[in-house]
Amino acid sequence: LVGGSRCSGRLEILHDQTWMSVCDAAFDQQDAEVVCRELDCGAPVQVLGAAAFGKGDAQ
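Take 1 as the starting number for the sequence shown in the UniProt record's numbering and just add one per residue.
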């Protein structure tokens, strides 16, 4: 997670040695629940759009 804290921020993944932002409009509450569970962050409070944490440098 970038631009926030350990349990909040812009979600980025490393794919083929390139960091990519997860900014798909289809990313929803259910997806957030999976990510939060994997990061041991509890239940997600809110799924925010890309503007909340900035665009970032990832592709």
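Backbone N, C-alpha and C define an ideal beta-carbon position, used for all residues, glycine too. Every value quoted in this text rests on a predicted model; they were computed, and no experiment measured them.
Asked	Found
Where Arg37 falls, given that 16 or more other Cβ within 10 Å makes a residue buried	exposed
Per-residue DSSP class, three states only, for Arg37	helix
Supposed close pair Leu48, Cys7 - CB separation, criterion 8 Å	Between Cys7 and Leu48 the Cβ distance is about 13 Å, and since that is not below 8 Å, they are no contact.
Same chain, Cβ closer than 8 Å to Ile13, five either side skipped, listed in chain order	Trp19, Met20 and Val22
CA-to-CA distance, Val45 to residue 62, given in whole angstroms	With the chain covering only 1 through 59, there is no way to say anything about residue 62.
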